[in-house]
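Report on one structure; see the data block that follows.
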Amino acid sequence: MAWVFILACVFLSVNLIETTDRAVIAFALIAVGSAVGQLRDPNWDDRLIALLTVYLVIHLGGFIFQVGQFLLQGQILELHGLIFPSASRAYQIGTAARLSGFQIEPGTYAQWMLMATFLRCLLLRRIISPLTVAIVASTLVTLSLWAVIGAALFSAGAIIEAVFQSTVRNKFRATYLVLIFGVAFLIFFYSLPDATIRDSLTYLDVKADLTSTSGTDKVAAVGAIFERVFDVLIFGAPMGSRFCEACLSPQDVGIWANLIYYFGLLPTLAVVGLTAWSIASRWGPSYLPLLVALLSWKAQFYDPFLWIILGYALHPVARTAPTERVATGEGFEPRPTGTGNLRP
1 MAWVFILACV FLSVNLIETT DRAVIAFALI AVGSAVGQLR DPNWDDRLIA
51 LLTVYLVIHL GGFIFQVGQF LLQGQILELH GLIFPSASRA YQIGTAARLS
101 GFQIEPGTYA QWMLMATFLR CLLLRRIISP LTVAIVASTL VTLSLWAVIG
151 AALFSAGAII EAVFQSTVRN KFRATYLVLI FGVAFLIFFY SLPDATIRDS
201 LTYLDVKADL TSTSGTDKVA AVGAIFERVF DVLIFGAPMG SRFCEACLSP
251 QDVGIWANLI YYFGLLPTLA VVGLTAWSIA SRWGPSYLPL LVALLSWKAQ
301 FYDPFLWIIL GYALHPVART APTERVATGE GFEPRPTGTG NLRP
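To convert, note that position 157 of the sequence shown is 157 in the UniProt record's numbering; the numbers rise steadily by one, no gaps.
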């Protein structure tokens with residue numbers, strides 16, 4: 001965790017030259033997120049798991065209800081506006097729709113649900129569960145390309161976890177769960193009207209086109225960060241600058257680009273490398289695809305949720321070694337808690 005502290009201090013020192021309110025807020029959010037991730041107490045872990053589970057269930061339930069309303073009535077039910085003072089950016093595409101549940105955007109729903117699921121998987125020490133599979137499947141309905149990438153990475157992690165299960169029973173249990181939800185999703189997809197399927201696939205095809213406005217913006221952002229990488233080899237750039245001034249949303253290429261630009265290439269590689277090593281050695285290789293999803297998250301680099309996950313992963317104390325989990329099959333069984341409750 002010392003690396004995160006050093007990284008944050010270097011970031012603050014770079015921004016002392018051109019101090020902005022945004023830089024001070026970013027430093028504070030990084031510090032708070034890292035500190036929360038460092039908390040270690042069984043009761044705190046249980047409360048955090050419960051909080052994440054409630055958050056995920058509420059948002060999943062709202063999203064499913066919104067999908068049901070659209071399929072039955074052909075109208076988009078505004079859920080975000082019921083809680084927040086602005087309407088969501090959910091919209092209809094021909095006979096299909098991009099829905100967001102209680103979130104403001106479809107992509108926001110997909111990203112926050114998968115990242116919250118990532119942290120919950122770390123806390124529970126297992127990836128495959130009914131709630132995880134249901135959430136991953138729901139993100140695909142948002143018609144977000146990032147959701148497709150995230151779902152593929154979660155699927156890769158689940159497959160690796162199933163392979164490393166210690167008993168044949170656990171292997172079959174994991175495989176059975178994934179197959180059941182996979183078949184259910186395919187049945188749901190192909191039960192939709194042909195026009196809805198066609199409009200959905202056409203939209204995804206357009207979004208994947210790198211010559212579109214969104215595609216060219218991302219290509220320009222990737223090119224810009226590689227052009228500036230030697231300028232931020234050791235120290236990052238101040239918050240008053242951007243690595244791609246012509247880009248509309250440079251953060252859309254993923255957190256990794258902004259981490260490199262504002263913290264420096266070598267410090268970022270050190271923290272990401274240590275995080276990957278910590279996750280692989282303590283939780284197993286099945287969690288590495290989830291880390292890739294985290295680094296491709298289209299959020300600001302100072303989002304406290306990112307630093308909660310990094311702080312938790314980099315904590316020097318581990319509950320159970322991965323070799324012990326493989327030997328006992330704990331990687332699939334629910335994490336022991338003070339109350340002995342089993343979680344989905």
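We put the CB at the ideal spot given by N, CA and C, even for glycine.
I'd like the list of long-range same chain contacts for residue i, defined as Cβ closer than 6 Å, with 5 residues on each side in sequence excluded.
i    : result
W307 : I30, G33, S34
I49  : L123
P289 : L153, A156, G157
T323 : Unreliable positioning characterises T323 in this predicted model, as indicated by a pLDDT of 38, which lies under 50. The coordinate reading is nonetheless provided below. None.
P267 : L7
G215 : D209
T95  : A195, T196, D199
N341 : At N341, the pLDDT of 43 sits below 50, so the modelled position is not reliable and the matter cannot be decided from this model.
Spatial neighbours of residue i within its chain, please: CB distance less than 7 Å, with the 5 preceding and 5 following residues excluded, ordered by chain position.
i    : result
I93  : D199, Y203
Y261 : I225, R228, V232, G236, A237, F243
Q75  : Q69
F5   : none
F301 : I255, N258, L259, Y262
E333 : Any reading at E333 needs caution, since the residue's pLDDT is 41, under 50, leaving its predicted position unreliable; the model's value is listed next. Same-chain partners within the cutoff: there are none.
A110 : T139, T142, S144, W146, A147, G150
G101 : H59, G62, F63, Q66, L79, Y109
I279 : Y287, L288, L291, A313
F11  : F27, G236, Y262, F263
V14  : F235, G236, P238
P106 : A90, R98, L99, S100, T142, L143, S144
E18  : P238, G240
R22  : M239
T20  : M239, G240
Over the uninterrupted alpha helix (DSSP H) stretch that includes residue i, give me the two end residues.
i    : result
I25  : 21-38
I64  : 42-73
Q111 : 106-124
L288 : 288-295
What whole-angstrom Cβ distance do residue i and residue j have, given they're in contact under 8 Å?
i    : j    : result
W297 : G240 : About 24 Å; that fails the 8 Å criterion.
I128 : V178 : 7 Å
A87  : L99  : The pair is not a contact, with the Cβ atoms about 13 Å apart (cut-off 8 Å).
S212 : V206 : 6 Å
F185 : A137 : 5 Å
F181 : V133 : 4 Å
Check residue i in the structure and name its three-state DSSP category.
i    : result
A318 : Note that A318 scores 47 on pLDDT, short of 50, meaning its location in the model is unreliable and no value can be drawn from it.
Q300 : coil
S86  : coil
G264 : coil
A257 : helix
W307 : helix
C9   : helix
L233 : coil
R242 : coil
G223 : helix
S281 : helix
L269 : helix
Q251 : helix
L16  : coil
G81  : helix
T275 : helix
What first and last residue would you give for the beta strand (DSSP E) that runs through residue i?
i   : result
R98 : 96-98
Y91 : 91-93
For residue i, which residues in the same chain have their Cβ closer than 8 Å to its Cβ, ignoring the five residues on either side in sequence?
i    : result
T275 : L291, L310, A313, L314
P304 : L29, I30, V32, G33, V36
E161 : R126, I127, I128, A174, G284, S286, G331, F332
D217 : C247, L248, S249, D252
L56  : M113, A116, T117, R120, L131, I135
L294 : M115, F118, I255, L306, I309
Would the beta-carbon of residue i be found less than 8 Å away from any heavy atom of the ligand SAM?
i    : result
W307 : Among the components modelled here there is no ligand, and therefore nothing to report on the ligand SAM.
(request) Entirely within the segment 129-216 and at least 4 residues each: give me those alpha helix (DSSP H) ranges in chain order. (result) 130-140, 145-163, 168-190, 194-207
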